[in-house]
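Take the sequence shown: its position 35, counting from 1, is numbered 83 in our numbering, and each next residue is one higher.
Think of the CB as a built atom: it goes at the ideal place given N, C-alpha and C, for glycine as much as any other residue.
Only one structure is covered here, and it is reproduced in the block below.
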Amino acid sequence: MPGPFDNANATSLAEGIRQADRAALAAALNLLDDRRPEAKLKSTELLAQLQAAEGSREPSRLIGITGPPGAGKSSLSAALIRVWRSRNLRVGVLAVDPSSPLSGGALLGDRLRMKTSNADDAVFVRSLACRGEFGGLSAEVWPMTQVMLASFDITLIETVGVGQREIDVSGMCDTTCYVAQPGSGDSIQFLKAGIIEVPQVLVVNKEDMGAVARRTLSELSGALARNHDEDEWEVPVLSVSATRGTGVDALADAMESHHQYLLSCGTLRQRRRDYQADWIFKRLREEFGSHGLALLGGEAPLRARLSAETASLYTQYDALRESLLGRVALAGASRQNFNE
49 MPGPFDNANA TSLAEGIRQA DRAALAAALN LLDDRRPEAK LKSTELLAQL QAAEGSREPS
109 RLIGITGPPG AGKSSLSAAL IRVWRSRNLR VGVLAVDPSS PLSGGALLGD RLRMKTSNAD
169 DAVFVRSLAC RGEFGGLSAE VWPMTQVMLA SFDITLIETV GVGQREIDVS GMCDTTCYVA
229 QPGSGDSIQF LKAGIIEVPQ VLVVNKEDMG AVARRTLSEL SGALARNHDE DEWEVPVLSV
289 SATRGTGVDA LADAMESHHQ YLLSCGTLRQ RRRDYQADWI FKRLREEFGS HGLALLGGEA
349 PLRARLSAET ASLYTQYDAL RESLLGRVAL AGASRQNFNE
């Protein structure tokens, strides 16, 4: 049965999203997942309206949760949501699930829904398949994030797990939280690979495991370079038990502190422009390769240009893509004329 916003124009849809209407949110996210040309045109207009209004309000929070499978990310996310709701904060979640080679099935979002209240209209969970992408995040995540940020105080991205290339979440979120599994040895291996230096918050879940959890906490605290090179933020290393609810308030406080830190430094909006630039850069490189990027002036100048842009996501991307298609066609025609 069609929803009330399924045939709405972009303006009506944007207004519904700003009012956190669940039907509008569902329709918008479905629209962004629709690859038909007419859907892409409507998506471009929708994101342009949402992003144009972004500067008129206080930025909401964008948080990523990552860590090895079995670390308890879904349980911790649910515990965090309960804390945020007790503080009267609205929460939207994008749960990025492993893609089944047969069904493309999604499980993390279903588990998270079971652990949070379906009756709470201030919590919205959307499952997404990673679709086999390196980095653990599908191309739809960043555009969908723009919709969620317009509706919620907190947008949470939970990833499928972490590996040596599955750290895209850190290049998309204001605050990235790495969840360590006590006693698995994974945390130190990831530390050696340089991955664990990326998050702004480190947390050891399952502190109720006792000595093994305390040992993992000690190992991380001792091995971590506590200050990130690009800023003066001191990365906290915390211990929680999602099942018992202990330490979760302190974790939520640490995430809030990092958000306030970014606001005080005046870097949050620029970081998000950088995230958008990375998204566009990655899509163009996937389609046109290094040669295509060279036609646009080269990688470094293109990144700098994109990071300085204030236009909306698809407006920037479509303009660059059309420019490249024209240049590639022109180059092909020139070669054909030369051969003749």
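Per DSSP, the bridge partner or partners of Tyr226: Mapped onto the sequence shown, residue 226 falls at position 178. Residue pairing of Tyr226 in beta bridges, as defined by DSSP: Thr114, Leu250.
Could you check how far apart the C-beta atoms of Leu332 and Leu341 are, in whole angstroms? I think they sit under 8 Å. Locating residue 332 in the sequence shown gives position 284, counting from the first residue. Locating residue 341 in the sequence shown gives position 293, counting from the first residue. With 8 Å as the limit, Leu332 and Leu341 qualify as a contact, their Cβ atoms being about 6 Å apart.
To the nearest angstrom, how far is it from the Cα of Gln248 to the Cα of Arg320? On the sequence shown, position 200 is the one that residue 248 refers to. On the sequence shown, position 272 is the one that residue 320 refers to. Approximately 16 Å, taken between the alpha carbons.
Residue from Lys330, Ala356, Val252 whose Cα sits closest to the Cα of Leu124: In the sequence shown, the residue the question calls residue 124 occupies position 76. Looking at the Cα atoms, Val252 is the closest of the given residues.
Evaluate contact between the region 88 to 96 and the region 110 to 126, counting only Cβ atoms and requiring at least three cross-stretch pairs below 8 Å. no
Quick check: what's the CA-CA separation for Phe329 versus Leu350? Position 281 of the sequence shown, counted from the first residue, corresponds to residue 329. Position 302 of the sequence shown, counted from the first residue, corresponds to residue 350. Roughly 8 Å between the two C-alpha positions.
Which of the three DSSP states is assigned to Arg375 in this structure? As a first step, residue 375 must be located in the sequence shown, where it is residue number 327. The answer is helix: DSSP assigns Arg375 an H, G or I state.
Could you tell me the boundaries of the alpha helix (DSSP H) in which Ala177 lies? By one-based count along the sequence shown, residue 177 stands at place 129. Here Ala177 belongs to no alpha helix (DSSP H); instead the beta strand (DSSP E) covers 171 to 177.
Using the Cβ count rule (16 or more neighbours within 10 Å means buried), how would you classify Gly345? Here residue 345 refers to the residue found at position 297 of the sequence shown. Burial call: exposed.
Can at least three beta-carbon pairs, one atom from the region 299 to 310 and one from the region 255 to 271, be found at a separation below 8 Å? no
By DSSP, does Gly140 sit in helix, in strand, or in coil? Working through the sequence shown from its first residue, we reach residue 140 at position 92. The answer is strand: DSSP assigns Gly140 an E or B state.
Own chain partners of Leu137 with C-beta closer than 7 Å, once the 5 adjacent residues on each side are dropped: The residue labelled residue 137 in the question sits at position 89 within the sequence shown. Asp201, Ile202, listed in sequence order.
Which of the three DSSP states, helix, strand or coil, is assigned to Val288? What you label residue 288 is simply residue 240 of the sequence shown in a count that begins at 1. Correct three-state label for Val288: coil.
Sequence-distant residues of the same chain with beta carbon closer than 6 Å to Ser218, five excluded per side: Here residue 218 refers to the residue found at position 170 when the sequence shown is read from its first residue. Once the five neighbours on either side are set aside, the close Cβ partners of Ser218 are Thr224, Val246.
How far does the beta strand (DSSP E) with Thr315 in it reach, from first residue to last? In the sequence shown, the residue the question calls residue 315 occupies position 267. That residue, Thr315, is in no beta strand (DSSP E); it is neither H nor E in DSSP.
If I'm right that Leu110 touches Leu197 with Cβ under 8 Å, what's the distance once you round it to whole angstroms? Taking the sequence shown and counting its residues from 1, one reaches residue 110 at position 62. Taking the sequence shown and counting its residues from 1, one reaches residue 197 at position 149. Right, their Cβ atoms sit about 6 Å apart.
Where do the ends of the beta strand (DSSP E) carrying Thr203 lie? The residue given as residue 203 occupies position 155 in the sequence shown. Residues 202 to 206.
Please report how far the alpha carbon of Ala290 lies from the alpha carbon of Pro85, in whole angstroms. Numbered from its first residue, the sequence shown carries residue 290 at position 242. Numbered from its first residue, the sequence shown carries residue 85 at position 37. One C-alpha to the other measures close to 44 Å.
Between which two residues does the alpha helix (DSSP H) holding Arg351 run? For the purposes of this step, residue 351 is identified with residue 303 of the sequence shown, where counting begins at 1. Secondary structure note for Arg351: its alpha helix (DSSP H) is the uninterrupted segment 347 to 356.
Would you list the residues sitting across from Asp145 in a DSSP beta bridge? For the purposes of this step, residue 145 is identified with residue 97 of the sequence shown, where counting begins at 1. In DSSP, Asp145 forms a bridge with Ala177.
Who does Thr294 pair with in a DSSP beta bridge? Indexing the sequence shown from 1 puts residue 294 at position 246. Partner residues in the beta bridge of Thr294, as assigned by DSSP, are Ser289.
From the DSSP secondary-structure annotation, give me the bridge partner or partners of Arg109. Here the question's residue 109 lines up with position 61 in the sequence shown. Beta-bridge pairing links Arg109 to Ile202.
Which same chain residues, not among the five before or five after Ala71, have their C-beta less than 8 Å away from its C-beta? Stepping through the sequence shown from its first residue, residue 71 is reached at position 23. Hits under 8 Å: Gly51, Pro52, Phe53, Gly64.
Hey, quick one: how far does the alpha helix (DSSP H) through Ser91 stretch, first residue to last? Position 43 of the sequence shown, counted from the start, is the residue given in the question as residue 91. Per DSSP, Ser91 belongs to the alpha helix (DSSP H) from 85 to 100.
Beta-carbon spacing of Glu188, Leu80 below 8 Å: In the sequence shown, the residue the question calls residue 188 occupies position 140. In the sequence shown, the residue the question calls residue 80 occupies position 32. Closer than 8 Å, so yes.
Tell whether a beta-carbon distance below 8 Å holds between Thr207 and Val283. The residue you call residue 207 lines up with position 159 of the sequence shown. The residue you call residue 283 lines up with position 235 of the sequence shown. Cβ atoms of Thr207 and Val283: not closer than 8 Å.
Rounded C-alpha distance that separates Val131 from Gly337: Start at 1 with the first residue of the sequence shown, and residue 131 comes out as number 83. Start at 1 with the first residue of the sequence shown, and residue 337 comes out as number 289. Roughly 45 Å separates the two Cα atoms.
Same chain, Cβ closer than 7 Å to Leu77, five either side skipped, listed in chain order: On the sequence shown, residue 77 is found 29 positions in, with the first residue counted as 1. The residues are Arg174, Met192, Val195.
Taking only the alpha-carbon atoms, compute the straight-line gap between Ala96 and Ala74 and give it to the nearest angstrom. In the sequence shown, the residue the question calls residue 96 occupies position 48. In the sequence shown, the residue the question calls residue 74 occupies position 26. Each residue's Cα considered, the two are about 18 Å apart.
CB contact below 8 Å: Arg70 versus chain B: Protein chains in the displayed structure number just one, and chain B is not present.
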